[in-house]
Amino acid sequence: MHIVFLGTASCFPTPHRCVSCTAIRFEAVKLNTTSALANYATEADGQVWIFDCGEGSQIQYQKSSLRTGRITKIFITHLHGDHMFGLPGFLCTIGNAVQERPEFVLELYGPQGLRKFVRQSLSLSRSLLPYGYVEKPPLIHPTEIRTSISPSSAVELQHDKRVHELVPLSEQYLANWAEWNVDHDSKGPLHPQEKQGRDIVAGDDSSWDLLCDDGLCVKAGLLHHTIPSFGFVVTEANQNGRLDVGKLQELGVPSGALYGKLKKGETVTLECGTIIEPSQVLGPTKLGRKASILGDTRDPWSMAHLVKDSDVLLHEATMQNSLHDKAIEFGHSTPAMAAKFADRVGAKRLVLFHYSQRYKPVSEETVEVSLSQLFARVLSLTKILCILWLLWSLTVIFTTETIG
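Using my numbering, the letters of the sequence shown correspond one by one to residues 47 to 450.
Structure, rendered in structure tokens:
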């Protein structure tokens with residue numbers, strides 16, 4: 047799992063920093079051929095997931111070493127422009143990279159209104175895509191997929207295309223929501239590459255189950271912002287430990303297919319009748335990693351149970367600590383707020399992002415600018431002091447002459 051930051055700014059892009067866009071590239075895992083998701087990448091560079099897609103995201107992506115044709119999923123935390131204005135153009139660019147792959151499927155997840163935004167943007171611009179977009183099979187537990195779906199029916203399920211939206215909870219709407227209550231319903235005809243999907247509702251723990259594919263599960267949780275906002279938690283499945291080759295040889299297990307079965311956790315029987323349990327030849331289980339990517343928020347605590355013990359937590363820090371009250375007013379956080387949350391939930395790493403463009407990166411250039419600004423202020427202050435001293439001197443002279 048490799049996290050690539052393509053945009054870390056808030057509000058608007060500049061030549062130096064793009065707005066919100068984060069990519070996760072996964073190591074390729076050879077999938078079970080009976081899986082309904084067998085169309086996903088199995089080559090060395092694996093699949094790429096995008097989280098938020100602000101204006102200019104596709105340019106940043108092209109500057110990176112990531113391959114456009116490897117994007118399989120896009121997640122949008124909320125519908126503010128700095129998190130999704132780059133989406134329509136990016137979808138078209140992805141189309142250029144997958145023209146020779148008719149089986150390609152791109153999935154989008156986001157709040158209610160995302161379906162309408164994508165559909166109208168592509169329809170009004172008459173943009174046709176060479177692939178099915180924002181589409182995914184119904185959520186099925188991986189165990190059910192492996193036991194109930196044959197390879198032939200899996201192909202049909204791959205092409206069952208649906209748009210998925212997260213239905214917000216009432217507490218995610220501000221009190222003044224009715225003052226500008228835009229219709230989020232995606233009425234009208236579908237885009238030519240779209241088929242109607244389902245609306246995902248929250249469970250009893252105020253979380254949304256988005257997907258659980260081979261080795262990867264994603265949940266969404268609610269955040270408090272100025273509009274419905276979500277955070278996404280990506281969790282890898284635990285992996286069986288390494289095979290102890292020495293132990294295998296000692297037990298008389300011939301190399302080949304039996305090694306693979308034991309590695310998968312299956313019990314095997316040797317020709318002599320000896321039963322070998324995986325626990326006899328496997329090392330310690332490798333725990334799956336957890337990455338939590340939060341959208342804009344002034345209060346992330348509703349997601350504490352979901353992000354607990356995250357290996358990495360991405361949390362916004364739009365304003366500096368001294369602007370705490372202003373950050374809360376505009377639905378945002380400070381570094382101190384993010385650090386407190388990360389500490390309480392036991393996050394192993396905290397990454398701050400989505401900070402205001404007013405904060406410049408520390409470099410020789412910015413240091414020089416800061417010093418020049420400081421010198422200018424000192425010079426201005428010196429001039430003011432000189433003028434005040436001169437006025438005071440003239441006042442003293444005038445007073446002395448008057449008394450004399």
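No residue lacks a Cβ here, since even glycine has one placed at the ideal position from N, Cα and C. If you're wondering where the values come from, they're calculated on a predicted model, not measured in any experiment.
Who are the Cβ neighbours of residue i in its own chain at under 7 Å, not counting the five residues just before and after it?
{"i": "F131", "result": "G100 and E101"}
{"i": "H237", "result": "R165, L168 and S169"}
{"i": "V201", "result": "Because the pLDDT of V201 is 28, which lies under 50, any placement of that residue in the model is unreliable, and the number read from its coordinates should be weighed accordingly. There are no such residues."}
{"i": "F51", "result": "T68 and F399"}
{"i": "L304", "result": "V314"}
{"i": "H62", "result": "none"}
{"i": "A422", "result": "none"}
Please work out which residues of its chain come closer than 8 Å, Cβ to Cβ, to residue i, disregarding the five sequence neighbours upstream and downstream, and give them in chain order.
{"i": "I374", "result": "R344"}
{"i": "T193", "result": "Bear in mind that the predicted position of T193 carries a pLDDT of just 28, short of 50, making it unreliable; the figure below should be weighed with that in mind. Nothing meets the Cβ criterion."}
{"i": "I430", "result": "none"}
{"i": "Y405", "result": "Q366"}
{"i": "G135", "result": "Q104"}
Do you know whose CA, among the options, lies nearest residue i's CA?
{"i": "V69", "options": "I120, P61 and L262", "result": "Correcting the residue identity first, residue 69 is Ala in this sequence and not Val. Nearest of I120, P61 and L262 to A69, Cα basis: I120."}
{"i": "T139", "options": "G159, P157, I122 and R116", "result": "R116"}
{"i": "S232", "options": "S402, H210, S216 and L175", "result": "H210"}
{"i": "G159", "options": "C258, N222, S275 and A55", "result": "S275"}
{"i": "S348", "options": "H400, R335 and G277", "result": "G277"}
{"i": "S252", "options": "D98, A350 and I105", "result": "A350"}
{"i": "L73", "options": "L316, L262 and E317", "result": "Here the sequence assigns Glu to residue 73, which means Leu is not the residue at that position. Comparing Cα positions, the closest option is L262."}
{"i": "L398", "options": "I321, R71 and A385", "result": "A385"}
{"i": "N286", "options": "P148, P324 and W254", "result": "P324"}
{"i": "A363", "options": "H400, R395, G329 and L297", "result": "H400"}
{"i": "F376", "options": "S402, D355, D229 and P148", "result": "S402"}
{"i": "R161", "options": "G234, T118 and N222", "result": "G234"}
{"i": "M47", "options": "P61, T281 and F58", "result": "T281"}
{"i": "R147", "options": "A303, E317, G53 and T118", "result": "T118"}
{"i": "A248", "options": "D259, E153, L133 and A266", "result": "A266"}
{"i": "H361", "options": "L297, K354 and P346", "result": "P346"}
{"i": "A388", "options": "H378, V358, L369 and D371", "result": "V358"}
{"i": "K332", "options": "N284, L352 and C318", "result": "N284"}
{"i": "I246", "options": "L215, P59 and D229", "result": "L215"}
Looking at chain D, is there any beta carbon in it that lies within less than 9 Å of the beta carbon of residue i?
{"i": "N222", "result": "Absent from the structure: chain D. Only one protein chain is present."}
Tell me where the beta strand (DSSP E) around residue i begins and ends.
{"i": "V94", "result": "V94 to F97"}
{"i": "P157", "result": "E153 to P157"}
{"i": "R165", "result": "Not the beta strand (DSSP E): R165 falls in the alpha helix (DSSP H), residues L160 to L170."}
{"i": "E362", "result": "V358 to E362"}
{"i": "A266", "result": "L262 to L269"}
{"i": "T118", "result": "I117 to F121"}
{"i": "D259", "result": "S253 to D259"}
At which residues does the alpha helix (DSSP H) containing residue i begin and terminate?
{"i": "D371", "result": "H370 to E375"}
{"i": "E217", "result": "Segment: none, E217 is in no alpha helix (DSSP H) and carries neither H nor E."}
{"i": "I49", "result": "Per DSSP, I49 belongs to no alpha helix (DSSP H); it is in the beta strand (DSSP E), H48 to G53."}
{"i": "D355", "result": "Segment: none, D355 is in no alpha helix (DSSP H) and carries neither H nor E."}
{"i": "E296", "result": "V291 to E296"}
{"i": "A224", "result": "Per DSSP, A224 belongs to no alpha helix (DSSP H) and is neither H nor E."}
{"i": "G306", "result": "A303 to K309"}
{"i": "L137", "result": "L133 to A143"}
Please list, in chain order, all residues of the same chain as residue i whose beta carbon is under 6 Å from its beta carbon, the five residues on each side excluded.
{"i": "S173", "result": "C138"}
{"i": "D452", "result": "Outside the displayed range of the chain (47 to 450) lies residue 452, so it cannot be described from this structure."}
{"i": "S111", "result": "none"}
{"i": "L294", "result": "V327"}
Identify every residue that forms a DSSP beta bridge with residue i.
{"i": "Q285", "result": "K332"}
{"i": "E211", "result": "G156 and D245"}
{"i": "C67", "result": "G53"}
{"i": "S338", "result": "V279 and L359"}
{"i": "F399", "result": "E362"}
{"i": "D454", "result": "With the chain covering only 47 through 450, there is no way to say anything about residue 454."}
{"i": "T315", "result": "I321"}
{"i": "D345", "result": "H270"}
Check your understanding: Can we say the region 333-344 touches the region 121-129, given the rule of at least three CB pairs closer than 8 Å?
Key -> Counting Cβ pairs under 8 Å, three or more are found: they touch.
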